[in-house]
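In our numbering, the protein residues as written are 43 to 101. Glycine included, each C-beta is placed from N, C-alpha and C at the ideal position.
#1: Might you give, ordered along the chain, the residues of its own chain that have their beta carbon closer than 6 Å to the beta carbon of residue 78, omitting 5 neighbours on each side?
#2: From residue 101 to residue 46, what distance separates their C-alpha atoms?
#3: Please determine, among 48, 97, 60, the residue with the shortest C-alpha to C-alpha distance to residue 75.
#4: Quick one: what does DSSP say residue 96 is sitting in, helix, strand or coil?
#5: Apart from the five residues just before and just after residue 94, which ones in its own chain have a Cβ nearer than 7 Å to its Cβ?
#6: Per DSSP, residue 18 is paired with what?
Structure representation (structure tokens):
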């Protein structure tokens, strides 16, 4: 992995997470996955967990 940024576009998966704020996110270097938990969608607080795979670019 280089030292620069690269824009990745995830595959359009039905049921992918909606936009949100105040979520917690963590990158798992070993599995190359991004974990996103909770947040707020503007209507209320969310308690869901989403996992995005860098290799598959899918949720």
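Taking the definition as stated:
#1: Residue 78 sits at position 36 when you count from the first residue of the chain shown. In chain order, 65, 67, 92 place their CB closer than 6 Å to the CB of residue 78, counting only its own chain and leaving out the 5 sequence neighbours on each side.
#2: Counted from its first residue, the chain shown places residue 101 at position 59. Counted from its first residue, the chain shown places residue 46 at position 4. Residue 101 and residue 46: Cα-Cα distance of roughly 24 Å.
#3: Counted from its first residue, the chain shown places residue 75 at position 33. Ranked by how close their Cα comes to the Cα of residue 75, the residues 48, 97, 60 have 97 in first place.
#4: Your numbering for residue 96 matches position 54 in the chain shown. Residue 96 carries a coil assignment under DSSP once its states are collapsed to helix, strand and coil.
#5: Along the chain shown, one-based indexing puts residue 94 at 52. Its chain contains 52, 75, 76, 101 as the residues whose beta carbon lies nearer than 7 Å to that of residue 94, once the 5 sequence neighbours on both sides are disregarded; these appear in chain order.
#6: Residue 18 falls outside the range modelled here, since the chain spans only 43 to 101, and no answer is possible.
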